[in-house]
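To convert, count from 1 in the sequence shown and add 297; that's the working numbering.
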Amino acid sequence: MSDQPKTNRPHSSALVDGNDRAPARSMLRAVGFTDEDFQKPQIGIASTGSDLTPCNMHIDELAEHATKGADAGGAKPVNFSTITISDGISMGTKGMRYSLVSREVIADSIETVVAGESIDGVVAIGGCDKNMPGCMIALARLNRPSIFVYGGSILPGLHKDKPIDIVSIFEAVGRHAKGEIDGEELKEIECKAIPGAGSCGGMYTANSMATAIEALGMSLPGSSAQLAVSKDKREDCFNAGQQVAKLLEIDLKPRDIMTKASFENAIKTCIALGGSTNIILHLLAIAHAADVELSIDDFERLGEQIPLLADVKPFGKYNMSHLIRIGGIQPMMKILLDRGLLDGTCMTVTGKTIAENLEGVQPYPKDQDIIRDWDNPIKATSHLRVLRGNLAPTGAVGKITGKEGLYFKGTAKVYENEEDSLQGILRGDVVAGDVVVIRNEGPVGGPGMREMLSPTSAVAGRGLIKEVALITDGRFSGGSHGFDVGHITPEAACGGPIGIVKTGDEIEIDAIKNTISLNIPQDEFDARMASYVPKGPGEKRGVLGKFAALAASASEGAVTDKNL
Numbered sequence: 298m299s300d301q302p303k304t305n306r307p308h309s310s311a312l313v314d315g316n317d318r319a320p321a322r323s324m325l326r327a328v329g330f331t332d333e334d335f336q337k338p339q340i341g342i343a344s345t346g347s348d349l350t351p352c353n354m355h356i357d358e359l360a361e362h363a364t365k366g367a368d369a370g371g372a373k374p375v376n377f378s379t380i381t382i383s384d385g386i387s388m389g390t391k392g393m394r395y396s397l398v399s400r401e402v403i404a405d406s407i408e409t410v411v412a413g414e415s416i417d418g419v420v421a422i423g424g425c426d427k428n429m430p431g432c433m434i435a436l437a438r439l440n441r442p443s444i445f446v447y448g449g450s451i452l453p454g455l456h457k458d459k460p461i462d463i464v465s466i467f468e469a470v471g472r473h474a475k476g477e478i479d480g481e482e483l484k485e486i487e488c489k490a491i492p493g494a495g496s497c498g499g500m501y502t503a504n505s506m507a508t509a510i511e512a513l514g515m516s517l518p519g520s521s522a523q524l525a526v527s528k529d530k531r532e533d534c535f536n537a538g539q540q541v542a543k544l545l546e547i548d549l550k551p552r553d554i555m556t557k558a559s560f561e562n563a564i565k566t567c568i569a570l571g572g573s574t575n576i577i578l579h580l581l582a583i584a585h586a587a588d589v590e591l592s593i594d595d596f597e598r599l600g601e602q603i604p605l606l607a608d609v610k611p612f613g614k615y616n617m618s619h620l621i622r623i624g625g626i627q628p629m630m631k632i633l634l635d636r637g638l639l640d641g642t643c644m645t646v647t648g649k650t651i652a653e654n655l656e657g658v659q660p661y662p663k664d665q666d667i668i669r670d671w672d673n674p675i676k677a678t679s680h681l682r683v684l685r686g687n688l689a690p691t692g693a694v695g696k697i698t699g700k701e702g703l704y705f706k707g708t709a710k711v712y713e714n715e716e717d718s719l720q721g722i723l724r725g726d727v728v729a730g731d732v733v734v735i736r737n738e739g740p741v742g743g744p745g746m747r748e749m750l751s752p753t754s755a756v757a758g759r760g761l762i763k764e765v766a767l768i769t770d771g772r773f774s775g776g777s778h779g780f781d782v783g784h785i786t787p788e789a790a791c792g793g794p795i796g797i798v799k800t801g802d803e804i805e806i807d808a809i810k811n812t813i814s815l816n817i818p819q820d821e822f823d824a825r826m827a828s829y830v831p832k833g834p835g836e837k838r839g840v841l842g843k844f845a846a847l848a849a850s851a852s853e854g855a856v857t858d859k860n861l
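This is the structure:
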């Protein structure tokens with residue numbers, strides 16, 4: 298062991314200490330550093346703020362509160378920004394190919410700034426879906442004392458005295474195509490669905506990831522269940538800035554917190570609360586960055602232990618704002634802990650264990666119906682199903698709650714991309730009994746693995762949610778619901794069997810046996826596979842080309858540094 302004393306400035310000291318570092322100090326004086334500041338640990342405040350999307354429009358302001366917290370903690374805050382891509386805005390267009398790619402760009406940019414500028418600790422603030430895993434991948438790679446802050450959930454809109462959100466307007470497009478509503482009502486829903494700042498208001502991907510990160514121990518308690526436009530969220534940011542300064546003192550780092558057990562805590566909490574299929578993709582990626590062995594088999598194994606208890610959107614009745622009102626995710630974590638299903642010894646960014654953090658947490662109110670009793674679940678086991686079969690030899694992921702059934706056998710209707718499938722659904726080509734097959738949308742084939750919210754919402758809007766299944770080598774949005782199976786691997790562009798499916802083939806999906814099968818004779822299956830010529834990467838230049846060349850399969854988190 299080294300005889301050198303521990304310091305809370307392990308990185309910035311090399312940047313600013315000594316006569317030879319006078320040039321660096323000179324430049325830092327220009328941005329506001331004083332003599333005293335050079336003796337303080339530096340905490341990077343990584344903001345994803347922008348007016349590109351309501352999810353992030355307020356995050357620069359939240360970053361100011363984190364900055365004040367770091368300053369109050371005796372550190373020197375250093376502010377910088379990274380990008381965002383709005384899934385909700387780019388959905389259904391070629392722009393959506395950049396969404397998953399942005400996760401890697403965000404991770405790379407935060408890592409680059411923090412490591413390149415010798416910053417000691419980090420507060421990362423994310424809102425839209427890919428900001429959050431992007432921030433977390435960076436924190437795991439850097440392994441410097443850090444906290445993630447969720448930007449907070451949006452309030453619901455109101456239409457005809459009922460709460461509405463982003464999925465309401467996507468589904469209204471399908472209802473309009475069906476003739477159920479006119480153009481005037483479509484416009485009215487459009488104008489009311491998104492009332493202000495914050496991430497999409499159901500247990501969609503943003504709120505699912507916020508839940509996972511808090512359960513993982515990387516956010517302060519309560520961070521995942523606060524409204525974007527609340528005093529609580531501003532205090533959360535201030536406290537995070539102050540707490541990172543304390544983490545530097547005790548030298549508590551992300552990899553001390555992000556263990557296999559803590560990932561299992563996160564998975565179990567998200568299952569009970571109805572989390573998005575995207576948590577599988579993103580937690581696999583974060584675990585890879587943290588050098589923790591996690592696979593889709595872990596989600597399957599843990600899913601048999603945990604019931605689905607939350608009646609939340611997209612498949613349920615309530616918004617995130619309703620869950621916040623009754624206590625957020627902490628009471629659910631306490632339920633799981635008391636049943637011996639969470640590892641209470643896992644460390645968190647509070648400097649305390651999960652069990653210590655949950656000691657004073659009160660149960661959900663008795664008069665609420667958002668969270669079901671343990672013995673009266675929406676589904677007795679996980680809604681997140683890991684499926685395998687001749688159509689997905691290395692795995693696929695379904696979000697099947699049981700409301701749409703647990704078994705589907707139907708006739709394939711094949712589309713080579715999302716746009717063609719959406720037009721087919723809106724035209725009425727897709728009918729009851731069909732299995733819509735959308736391929737060449739994987740990490741390589743897209744590239745970028747687009748989310749199929751527009752097609753699933755169009756199916757819902759046309760009233761076919763229980764009569765039609767959708768499968769894809771792309772992804773589904775956290776806002777999707779229905780009999781949907783995505784992440785089919787290998788993907789079509791890489792020679793996967795989804796590429797040989799023909800319109801008219803029979804496809805069988807069993808969410809109890811966890812199988813997905815193309816029901817054609819084996820000799821025909823073999824002949825089709827032998828003659829199949831995959832299209833390969835959808836792009837070969839620029840950021841999409843680089844992603845396609847580097848991305849692992851969806852079953853491995855679609856990370857870009859696995860095979861380096």
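Idealized CB from N, CA, C, for every residue including glycine.
Item	Value
Selected residue, minimal CA-CA separation from Lys530, among Met433, Pro628, Leu359, Gly476	Leu359
Minimum length 3: unbroken beta strand (DSSP E) runs contained in the region 749 to 776	766 to 769
Straight-line gap, Ser505 to Ser396 (C-alpha atoms, nearest Å)	17 Å
8 Å Cβ shell around Val589 - same chain, five flanking residues per side excluded	Met555, Thr556, Lys557, Phe560
Beta-carbon proximity list for Gln301, same chain, < 8 Å, skipping 5 on both sides	For Gln301, the pLDDT reaches just 46, beneath the cut-off of 50, and the residue's location in the model is therefore unreliable, although a value from the coordinates is still provided. Closer than 8 Å at Cβ, skipping near neighbours: no residue.
Span of the beta strand (DSSP E) around Phe377	373 to 378
Cut-off 6 Å between Cβ atoms - residues of its own chain near Tyr704, not counting five sequence neighbours on either side	Asp807
CB contact flag (Gly779, Thr812, <8 Å)	no
Three-state secondary structure assigned by DSSP to Val411	helix
Inter-residue Cα distance where the pair is Lys649 and Leu549	11 Å
Every unbroken alpha helix (DSSP H) within the region 544 to 579, with a cutoff of 4 residues, ordered by chain	551 to 554, 557 to 569
Buried versus exposed call for Thr857 [16 or more other C-beta atoms within 10 Å across all chains shown]	buried
Where the alpha helix (DSSP H) through Thr364 begins and ends	356 to 369
Option nearest Gly495 by Cα separation, candidates Pro460, Lys489, Tyr447, Glu482	Tyr447
Test item: CB-CB of Ala352 and Gly424 under 8 Å	Here the sequence assigns Cys to residue 352, which means Ala is not the residue at that position. In this structure, Gly424 lies closer than 8 Å to Cys352 by Cβ.
Gly307 (DSSP reduced to helix, strand or coil)	Checking the displayed sequence, the identity of residue 307 turns out to be Pro instead of Gly. The answer is coil: DSSP assigns Pro307 none of H, G, I, E or B.
Outcome for Cys432 when other beta-carbon atoms lying within 10 angstroms are tallied against a minimum of 16	buried
Three-state class that DSSP yields for Ile461 in the structure shown	strand
Supposed close pair Leu620, Ile577 - CB separation, criterion 8 Å	That belief does not hold up - the Cβ atoms of Leu620 and Ile577 are roughly 21 Å apart, past 8 Å.
Test item: CB-CB of Ser814 and Glu805 under 8 Å	yes
Ser828, enclosing alpha helix (DSSP H) - first and last residue	819 to 828
Where Thr345 sits in the DSSP three-state scheme	coil
Rounded separation between Gly499 and Asp458 - CA only	18 Å
Residues sharing a beta bridge with Ser868, DSSP	Outside the modelled stretch of the chain, which goes from 298 to 861, sits residue 868, for which no answer is possible.
Cβ shell of Lys763 (< 6 Å), same chain only, five flanking positions each side left out	Glu701
For Asp332 and Ala563, the rounded distance between their alpha carbons	43 Å
Close-in-space but distant-in-sequence residues of the same chain around Thr364 (CB under 8 Å, 5 per side omitted)	Ile342, Pro374, Asn376, Gly538
Span of the beta strand (DSSP E), counted from its first residue to its last, around Leu591	Element bounds for Leu591: n/a, residue is neither H nor E.
For Leu688, three-class secondary structure by DSSP	coil
Outcome for Cys534 when other beta-carbon atoms lying within 10 angstroms are tallied against a minimum of 16	buried
Beta-ladder partner(s) of Ile785, from DSSP	Paired residues: none, contrary to the question.
Ala855 vs Met749 beta-carbon contact at 8 Å	no
Candidates Lys427, Ala435, Met393, Asn428: closest to Val411 by CA position	Ala435
DSSP state of Gln540 mapped onto helix, strand, coil	helix
Exposed unless 16 or more other CB atoms sit within 10 angstroms - verdict on Ile547	exposed
Same chain, Cβ closer than 7 Å to Gly707, five either side skipped, listed in chain order	Gly730, Asp731, Val732, Ala766, Ile804
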